[in-house]
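The sequence shown runs 1023 to 1158 under the numbering used here.
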Amino acid sequence: MQLSHIEHIGIAVKNLNDAISFYEKAFGLKCYNIEEVEEQKVKTAFFMVGQTKIELLESTDPEGPIGKFIEKKGEGIHHMAFAVKNLEEALAEVEQNGVTLIDKTPRKGAEGLDIAFLHPKSTFSVLTELCEDKNK
Ligand code: ZN
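Dropping the structure here:
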């Protein structure tokens, strides 16, 4: 397994448009993609910082994962995603290394990535995602 870089950092926000304006005004970044991921009940907005993205996440449903996160913890960093070359292999390897998986098999995330989450109870409470961009 080789982690090539931090692919993105996911930040839970209450209002996507307010957060987009903030990142554009405060840091001079440009939002290049807004996408809804229905399965995750979330609307996402992306910024590029070097080779790492900032992914803003607004819940479309209070019962969705981001809705529940914000209710419990408020806005803030929700997860961190590492890019890997082969997601299936990486998942098998981290599991062998004692990490508990949330997703045993890859699923589709925003921006056409294959993604899988690791359980925060085995990653020092940092919800960690592994992702592979098969279009690259
Ligand atoms: Zn993510």
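We put the CB at the ideal spot given by N, CA and C, even for glycine.
Small disclaimer: the values here were computed from a predicted structure and weren't measured.
What span of residues does the alpha helix (DSSP H) with residue 1039 cover, start to end? 1038-1049
Does ligand 1 have even one heavy atom less than 6 Å from the beta-carbon of residue 1032? yes
I want to check one thing, is the minimum distance from the CB of residue 1151 to the heavy atoms of ligand 1 below 6 Å? yes
For residue 1180, verify whether its CB is less than 6 Å away from any heavy atom of ligand 1. Look at the range of the chain in this structure, 1023 to 1158, and you will see that residue 1180 is not part of it.
Going by the beta-carbon positions, is the gap between residue 1088 and residue 1064 smaller than 7 Å? yes
Would you report the Cα separation of residue 1083 and residue 1067, rounded to the nearest angstrom? 17 Å
Ligand 1 heavy atom lying under 6 Å from the CB of residue 1105: no
Let's test the definition: count the other Cβ atoms within 10 Å of the Cβ of residue 1025 and tell me whether it reaches 16, buried, or not, exposed. exposed
On a CA-only basis, which of 1146, 1023, 1116, 1042 is nearest residue 1052? Give me that one, please. 1042
Count the other C-beta atoms from every protein chain shown that fall within 10 angstroms of the C-beta of residue 1062, then say buried if there are 16 or more, exposed otherwise. buried
Out of 1073, 1049, 1056, 1150, state which residue places its alpha-carbon closest to the alpha-carbon of residue 1132. If we check each option's Cα against that of residue 1132, 1056 comes out closest.
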